[in-house]
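Colleague: Residues in the sequence shown are numbered consecutively from 28, following the numbering used here.
Ideal Cβ placement from N, Cα and C applies to all residues, glycine included.
Values in this document were obtained by computation on a predicted structure and should not be read as measured data.
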Amino acid sequence: MTERDYAPLSGACVRGLCDKLYDKRKFAGVEIEKMVKDFSDANNTNQIKRLIRVLGQELMSSTNPNVKNGALMGLSSVAVGLGKGCDVYVGELIHPIVACLGESEARVRYGATEALFNVLKVARSATVTYFPLVFDALARLAADPELQVRNGAEVLDRLVKDIVTESAALELGAVVPLVRERMYTRSAAARQFAVGWLSALDAAPALGLRRQLPDLLDGLFTVLDDPNPEIRRMCDVQLNEFLRSIKKEPAEVNFEAMINILITHAQSTEELLQLTAVSWLKEFAELSGARVLPFASGVLLAALPCLAYTDEPRKKIRETAATVNLQLTKLVSEMSESRASSEGPPTNVPPVEGAPTKETPAEGPVTEGAEDEGPPRLNLEAVVGVLTQMLHHSSVHTKVAALDWILHLYNKLPSEMYLQTELVFVSVVGSLKDAADDVVRRALAVLAEICSCPSAPASATAATTATTATGAAADSSVDLESSPYYHKFLKALLRLLAADENLLEDRGAFIIRQLCVLVGAEAVYRGVAQAVRGERELRFAARLVDVLATLLLTAAELHHLRLRLRAFRDPAAVSLFRTLYACWCHSPVALLALCLLTHNYRHCAALIATFGDLEITVDFLTEIDKLVQLIESPVFAYLRLELLAPGSAELRAALFGLLMLLPQSDAFHALRRRLHCAPPRSDAPPDRQEARADVDFDALLREFQRVQAAHRDYKTLERRLSRAKLFERAHV
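1. On the DSSP letters alone, give me the boundaries of the alpha helix (DSSP H) that residue 87 sits inside.
2. Do the region 38 to 47 and the region 64 to 77 make contact, defined as three or more Cβ pairs closer than 8 Å?
3. Let me make sure I understand the geometry here. Which of 314, 409, 309 has the alpha-carbon closest to that of residue 325?
4. Can you give the Cα-Cα distance for residue 539 and residue 749, rounded to whole angstroms?
5. Count the other CB atoms within 10 Å of the CB of residue 90; is the residue buried (16 or more) or exposed (fewer)?
6. Report yes if the C-beta distance between residue 456 and residue 519 is below 8 Å; otherwise report no.
7. Take the Cβ of residue 29 as the centre, count every other Cβ of all protein chains shown within 10 Å, and call the residue buried at 16 or more, exposed below.
8. Does DSSP put residue 113 in a helix, a strand or coil?
9. Helix, strand or coil for residue 730, going by three-state DSSP, please let me know.
10. Quick check on the burial criterion: 16 or more other C-beta atoms within 10 angstroms. Buried or exposed for residue 462?
11. Starting from residue 637, trace the alpha helix (DSSP H) both ways and give me its first and last residue.
12. Skipping 5 residues on each side, what residues in its chain have a beta carbon closer than 8 Å to that of residue 61?
13. Locate the alpha helix (DSSP H) running through residue 75, then write down its first and last residues.
14. Do the region 275 to 282 and the region 292 to 306 touch if we need at least three Cβ pairs shorter than 8 Å?
15. Taking Cβ to Cβ, would you say residue 426 is nearer than 8 Å to residue 458?
16. Assuming the contact rule is C-beta atoms closer than 8 Å, residue 153 and residue 128 should be a hit. Round their C-beta distance to whole Å, please.
17. DSSP three-state label for residue 333, please.
18. Below 8 Å, how does it come out for the region 573 to 582 and the region 637 to 649: are there three or more Cβ pairs, yes or no?
19. I'd like to check one pair, residue 159 with residue 760: are the Cβ atoms closer than 8 Å?
20. What is the C-beta distance between residue 236 and residue 205, in whole angstroms, given that I count them as a contact (C-beta under 8 Å)?
21. Would you check if there are 3 or more beta carbon pairs closer than 8 Å linking the region 106 to 122 to the region 140 to 149?
22. What does a CB cutoff of less than 6 Å around residue 227 pick up in its chain, not counting 5 residues either side in sequence?
23. Taking the alpha carbon of residue 331 as the point to measure from, which residue in 355, 218, 563 has its own alpha carbon closest?
24. Just to check my reading of the structure: residue 679 and residue 686 have Cβ atoms closer than 8 Å, yes? What is that Cβ distance to the nearest angstrom?
25. Quick check: the Cα distance between residue 602 and residue 592, rounded to an integer number of angstroms?
26. Taking residue 24 as part of the alpha helix (DSSP H), name the residues at either end of that continuous run.
27. Could you give the first and the last residue of the continuous alpha helix (DSSP H) run that contains residue 255?
28. Just how far apart, CA to CA, sit residue 37 and residue 94?
29. Go through its chain and collect everything with a Cβ distance to residue 203's Cβ below 7 Å, but skip five positions before and after it.
30. In the structure shown, what three-state DSSP assignment does residue 151 receive?
31. Assign residue 421 to buried or exposed, taking buried as 16 or more other Cβ atoms, counted over all protein chains shown, within 10 Å of its Cβ.
32. Could you pull out every residue in the same chain whose Cβ sits closer than 6 Å to the Cβ of residue 51, ignoring the five residues on either side in sequence?
33. Are there 16 or more other CB atoms within 10 angstroms of the CB of residue 646, so buried, or fewer, so exposed?
34. With a threshold of 7 Å, establish whether the CB of residue 615 neighbours any heavy atom of the ligand COA.
See the structure below:
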């Protein structure tokens, strides 16, 4: 090695610079620093460039770690010697130093961190151009296996953060992609490094990091799911800090760009991640108001399943999701009220609001976008798709919330919801099979609301004033008759009950009672009676009539209907009686009870006279036993009092006929004692005129006999089929 090879460095300086002892390298560095100052004062740029080339290329190309450390010391001294004039040579100084940060020798990597620190400290803002290069190197050093190197990198990292936050030349748009990239790696050190950088950038409000949050939010939630608790804690703190600043200045926040990210992570199975995302959704719904409406389907897809949580650890998630759900319902109400006050009643059917139709996925958010123009609008089709999907959820709370939402939409947006009714109808009818009373009760409320809708949404005003489910009066049958869905619903209900024998036994009475409350008892009984008349499954028809008849005589919800039928002189009562009679023919005892209720005692006696031709089974006698018990109950108190009145011969004849059908059981003796307590028979004419001109009881009796004959044929066929199956099995 000759002095000329490394000019302008002397041989002694080169030997000192490359010595393994730090003090000798430091002494050589001081000599280089003085040399550079002289060159700079003399404006000798050629010599400075020559010196940097010797250090950064010729010495740096050596494989000896001591020589590399010497070159790093020399480059650091050049920067110090140049001072402010270092700006011109920043690139030539930084590139060889950064290259050494990837060396296999730990001593060289540590020396490179020191050298880069010195260069950056002198050049400061002039190094911003090379920020991506430096940042990438820092990210790698954060995961360095040597503690000394990591410590040196931490000092260097703090300096770089200071330079970036104080510099006006660096665009955050260049920084954010670099930080975001590290958040998606699996390296804990890289994630921790990225979160640390976000914290530093956020600490300088002038940089405006909040505007870049849409590009960072998904990465932050990814880091929040890291298995390292310290990294999760750091990320949680930073997210809370971001949320605090959003709440402080919401006008500057692009909520629409972040909501879908929150919707995705709100469906996470990780507790902290889900709670954080749902909490952000709650704040967004409160701060952005109607701007969240275009994303309502996705928000509901994330929030409603959270209502299913019953365990204590997830209680906070459930409560927060419930708040989000309530906020959305209020926003829909406000939207409806605002539209009604600003637009007035429309003249035609308004289109379904929102973005173009998108199929709602089984998982993941519904990613509707906000409208470019005009006020935020609700994508009703997507919302309904999510709500009907939620009806298949395993949680009662989720299903109840979905049904409440559907009912709310019918109340607030009736004309728009009419267009979604077909999808809603099919899904809600299926909910009637649910085991939870609350689900069935709300499903019936929705169906009652659907049936109360007009046949066509001619105007929003007409739809809004339509009878609601909870306020439907008992005389709403006229409105229901015009509904395109009422009879369709009754037929669907009968199919459900016929398909599942247990459903009729366990839930049939409950469903009928709830319907009577919602749409009126007369409307329900008239509609069901008409639907049953065409029922081909005669065994099911008889069982259903027994359920209806028992409710008619005992349920508190049907008290007014009982009074209406007892007022048999009323033409409306006669019309209802005729309708029920045709259906009640499927059950002889139920039909007898109906005639007793309506004071048609002469016809009761005529019916009983035909009972001898029926197949008297144990079930038949059990039904008569139950009827006798009902006669002894408060429901038929008026009937027992009629035994005291003159002209009660027809009633006596009917009751004695009933007595003759009974075996000598407890019911037989109870009815006999009741009849013996009555005063002696009087020949006075009856108080009531049963034979009304508009009621042909002979024709009614013939209809009863026809239906019972059909039942006999049906049972005979069933027995033949049963014997045939037994015969086939016996010969297999």
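Modeller: Judging by the given coordinates:
1. Run containing residue 87: none; DSSP gives neither H nor E here.
2. no
3. 409
4. Spanning the alpha carbons of residue 539 and residue 749 requires a straight line of approximately 33 Å.
5. exposed
6. yes
7. Note that residue 29 has pLDDT 47, beneath the 50 cutoff, so the model's placement of it is unreliable and no number is given.
8. helix
9. helix
10. exposed
11. Run containing residue 637: 628 to 638, per the alpha helix (DSSP H) assignment.
12. 108
13. Start and end: 72 to 80.
14. Judged by Cβ distances under 8 Å, the region 275 to 282 makes no contact with the region 292 to 306, as fewer than three pairs qualify.
15. Result yes, Cβ atoms of residue 426 and residue 458 sit closer than 8 Å.
16. At roughly 20 Å, the Cβ-Cβ gap does not stay under 8 Å, so residue 153 and residue 128 are not in contact.
17. helix
18. no
19. Residue numbering for the chain in the displayed model covers 28 to 759; residue 760 lies beyond these limits and cannot be assessed.
20. Not really, about 13 Å apart at Cβ, beyond 8 Å.
21. yes
22. 188
23. 355
24. Contact doesn't hold; Cβ gap of about 10 Å is too wide.
25. In this structure, the CA atom of residue 602 is about 10 Å from the CA atom of residue 592.
26. In this structure the chain extends from 28 to 759, so residue 24 is not present and cannot be described.
27. Element bounds for residue 255: n/a, residue is neither H nor E.
28. 15 Å
29. 239, 242, 243
30. helix
31. exposed
32. 43
33. exposed
34. Of the ligands one can find in the structure shown there are none, so the ligand COA has no counterpart to examine.
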